[in-house]
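2 protein chains.
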Amino acid sequence: MLFKKIAIIGVGLIGGSIGLAVKKRKLADRVIGIGRSELSLQKALKKKAVDEISLDKSKVKNADLIILAAPVHKIPPLIKELLPYFKKGTIITDVGSTKQEIIEGLDKFLSPGVSFIGGHPLAGSEKNSVEFANADLFEKSICFLVPFKSTQKTLKKLKKFWEKLGACPIVISAEEHDFLVAGISHLPHIVAVALVNSLAGVNWRGKNITEFAGQGWKDTTRISGGLPEIWMDIFSSNADKLKIFVKKFDKQWKDIRDSLLKKDFKKLKIILEKAQRKSSDF
Amino acid sequence: MLFKKIAIIGVGLIGGSIGLAVKKRKLADRVIGIGRSELSLQKALKKKAVDEISLDKSKVKNADLIILAAPVHKIPPLIKELLPYFKKGTIITDVGSTKQEIIEGLDKFLSPGVSFIGGHPLAGSEKNSVEFANADLFEKSICFLVPFKSTQKTLKKLKKFWEKLGACPIVISAEEHDFLVAGISHLPHIVAVALVNSLAGVNWRGKNITEFAGQGWKDTTRISGGLPEIWMDIFSSNADKLKIFVKKFDKQWKDIRDSLLKKDFKKLKIILEKAQRKSSDF
Chain P
549 MLFKKIAIIG
559 VGLIGGSIGL
569 AVKKRKLADR
579 VIGIGRSELS
589 LQKALKKKAV
599 DEISLDKSKV
609 KNADLIILAA
619 PVHKIPPLIK
629 ELLPYFKKGT
639 IITDVGSTKQ
649 EIIEGLDKFL
659 SPGVSFIGGH
669 PLAGSEKNSV
679 EFANADLFEK
689 SICFLVPFKS
699 TQKTLKKLKK
709 FWEKLGACPI
719 VISAEEHDFL
729 VAGISHLPHI
739 VAVALVNSLA
749 GVNWRGKNIT
759 EFAGQGWKDT
769 TRISGGLPEI
779 WMDIFSSNAD
789 KLKIFVKKFD
799 KQWKDIRDSL
809 LKKDFKKLKI
819 ILEKAQRKSS
829 DF
Chain U
549 MLFKKIAIIG
559 VGLIGGSIGL
569 AVKKRKLADR
579 VIGIGRSELS
589 LQKALKKKAV
599 DEISLDKSKV
609 KNADLIILAA
619 PVHKIPPLIK
629 ELLPYFKKGT
639 IITDVGSTKQ
649 EIIEGLDKFL
659 SPGVSFIGGH
669 PLAGSEKNSV
679 EFANADLFEK
689 SICFLVPFKS
699 TQKTLKKLKK
709 FWEKLGACPI
719 VISAEEHDFL
729 VAGISHLPHI
739 VAVALVNSLA
749 GVNWRGKNIT
759 EFAGQGWKDT
769 TRISGGLPEI
779 WMDIFSSNAD
789 KLKIFVKKFD
799 KQWKDIRDSL
809 LKKDFKKLKI
819 ILEKAQRKSS
829 DF
């Protein structure tokens, strides 16, 4: 067993999938799920994502790994509240989508004895509830790890944990992390949102035209179904980095738009070829 | 048997998948694949997508269904070239992505005796070659049918053909078709292209940052890998309809961009909520 007791705060898609993965791979003696919604907790228990559930946060006591699956801006106050229950050697981590805001928040009060390492598994979907959790969600996905208050030993242990869940952990600084995800995750999200909203209200035979769309449309816009409150939290915590990529997209969009509007097909061809070369690298 | 002899001109992903589907469902006695590349034809034969192959277009002779899987602007000249080989009752169809240009082209020379019905199965992917063809590609997908020179009998027969391939045929006018696909297919394509090009050249640890991306990025940009020559053909044949949707996206993009740049999170929330509601309808 890698850990005796793991506490997961927030058992939605990600928290629930961690629980299922831990139990499938026998990485802990006991997994406790903690949350604010009795209903969600009951669902997690029924799905066997956790061994026990509680609405009481003090139940993190004696856990040697605490995983916070909560919105970014709630992580620092949550950790502050939990401080009295940490034991020596407890590793605290999270799965939030941005890291600088969290670390700046923690820097104000976290004592040197506590091991906090930020985590961000690049897995999940627009389906946020525990019903969609699965034990293999993290297989072959990247998990960014952002050491803050950690030793070589605790970082090594958390890396091993994610490796056992099937993920590929990458150690990175908070600033680099937030820059990276602004490009590969936050930018595509806002573009997909703008795309979906472009066709709202455009109907044919009494139905929105997207009802006649094929797989291309569905794939391109899938992520726009994410919960607005989660994405507001992400955008507000990463506005400056996202701005860099907003400007990059703005330029590329104007280029392709103008080549179409001006029927400059020579330029359009160069743009399409660039994207095809790039996309064949994926 | 629905048909005695089917001729497919162009055996790539779509042509090859039609061949496989026809043979799996026993819809024709014989399927002949015709093309310009000996290599592609050999691949199609090896994959058993067709029963025989030829570089000679006159081999469409005696076919009772001829399917043209060629770029849009090549369809009218191809039909003109094939005219001497059509027999009475032959149905000619295509799988091109736009329809008005084809029908305007055909209108100049097609005699009343020939049955042309435009076709457009909303299936396929960015992988264009026959290697990726599969017999179930059209299962549960929409296939638009655009009658031009047809009788009730020939239209009924072609509808039945696509139904047997697993598709859901929808009869539509050329103008409505081109409007619809400008929104649900051509717009997402150019948006995905602009998105991919936005991150070209943005590297981390010597790699393009998209190499660290999760499924969201991959899905959102998958279609940008389509062949530039095919998409040039589509865009040039549908520039006016696409312009309508380019303007719609332009407005939505500016809205979300400005709410982010101005940190107007109240407005941003309304935009995200609209997209989430819309996208939950898909």
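Listed in order, the protein sequences are those of chains P and U.
Reminder that position 109 of the first sequence reads as 657 in my numbering, one-by-one numbering, no gaps.
Reminder that position 60 of the second sequence reads as 608 in my numbering, one-by-one numbering, no gaps.
All residues carry an ideal CB built from backbone N, CA and C; glycine is no exception.
Problem - Residue range of the alpha helix (DSSP H) that includes G567(P) - result: For G567(P), the enclosing alpha helix (DSSP H) has its first and last residue at 561-572.
Problem - Rounded straight-line distance, which links the Cα of T646(P) to that of I782(P) - result: 7 Å
Problem - K636(U) in three-state terms, based on DSSP - result: coil
Handout entry: V694(P) versus I732(U): straight-line alpha-carbon distance, rounded
Key = 40 Å
Problem - Cutoff 7 Å; reference N682(P); Cβ partners in own chain excluding five residues on either side - result: The beta carbon of N682(P) is closer than 7 Å to those of S565, L568 in its chain, skipping five residues each way along the sequence.
Exercise for the section: At 8 Å on the CB atoms, spell out the chain U contacts of D812(P), in chain order. Expected result: None at all; the shortest Cβ gap to chain U is about 11 Å.
Practice task
Please look up how many angstroms separate the CB atoms of L561(U) and F680(U), rounded, as I've assumed it's under 8 Å.
Solution key: 5 Å
Exercise for the section: Compute the beta-carbon to beta-carbon distance between S602(U) and T638(U), rounded to the nearest angstrom, for a pair I have assumed lies under 8 Å. Expected result: Actually they do not touch by this definition, with Cβ atoms about 17 Å apart.
Exercise for the section: Can you give me the Cβ contacts of W710(U) inside the same chain, cut-off strictly under 6 Å, excluding the 5 residues immediately before and after it? Expected result: C691, P717
Exercise for the section: Starting from G764(U), find everything on chain P with Cβ-Cβ shorter than 7 Å and list it in chain order. Expected result: Contact of G764(U) with chain P by beta-carbon distance below 7 Å involves S733, P736, I771.
Practice task
Tell me W752(U)'s beta-bridge partners as DSSP assigns them.
Solution key: K755(U)
Practice task
Look at K826(U) and V739(P) and say whether their C-beta atoms are less than 8 Å apart.
Solution key: V739(P) sits away from K826(U), with the two beta carbons spaced by 8 Å or more.
Problem - Closest Cα partner of G558(U) within the set I582(U), K707(U), K571(U) - result: For the residues I582(U), K707(U), K571(U), the minimum Cα distance to G558(U) belongs to I582(U).
Problem - Span of the beta strand (DSSP E) around G666(P) - result: 663-669
Practice task
With DSSP as the reference, label D806(P) as helix, strand or coil.
Solution key: helix
Problem - Three-state secondary structure (DSSP) of V643(P) - result: coil
Problem - Cβ-heavy atom distance, S588(U) to the ligand SAM, below 7 Å - result: As for the ligand SAM, it is missing from this structure, which has no ligand bound.
Problem - Per-residue DSSP class, three states only, for I843(U) - result: As displayed, chain U neither begins before 549 nor continues past 830, which places residue 843(U) out of reach and without an answer.
Exercise for the section: Would you mind stating whether I556(U) and G563(U) have Cβ atoms separated by less than 8 Å? Expected result: Yes. Within cutoff.
Problem - Test: M549(U) CB closer than 8 Å to a CB of chain P - result: Between M549(U) and chain P, the shortest Cβ-Cβ separation is not below 8 Å.
Problem - Span of the beta strand (DSSP E) around D726(P) - result: No beta strand (DSSP E) holds D726(P); the alpha helix (DSSP H) holding it covers 722-729.
Handout entry: Beta-carbon neighbours of S723(P), restricted to chain U and to distances below 8 Å
Key = The question names Ser, but residue 723(P) in the sequence shown is Glu. Within 8 Å Cβ-Cβ: nothing; E723(P) doesn't reach chain U, min ~11 Å.
Practice task
Could you tell me whether any Cβ in chain P is nearer than 8 Å to the Cβ of I566(U)?
Solution key: no
Practice task
Identify which residue in L630(P), L670(P), A576(P) has its Cα closest to the Cα of A730(P).
Solution key: L670(P)
Practice task
Look at the alpha carbon of L658(U) and the alpha carbon of N786(P), and state the distance between them as a whole number of angstroms.
Solution key: 60 Å
Problem - CB contact flag (E674(P), G774(P), <8 Å) - result: yes
Problem - Contact with chain P by A555(U), beta-carbon distance below 8 Å - result: no
Exercise for the section: Report buried or exposed for I818(P), applying the criterion of at least 16 other Cβ atoms within 10 angstroms of its Cβ. Expected result: exposed
Handout entry: Presumed contact (8 Å Cβ cut-off) between Q824(P) and A742(U), rounded CB distance
Key = The Cβ separation is near 13 Å, so there is no contact.
Exercise for the section: Under the assumption that E687(P) contacts G714(P) (Cβ atoms under 8 Å), give the Cβ distance between them as a whole number of angstroms. Expected result: 4 Å
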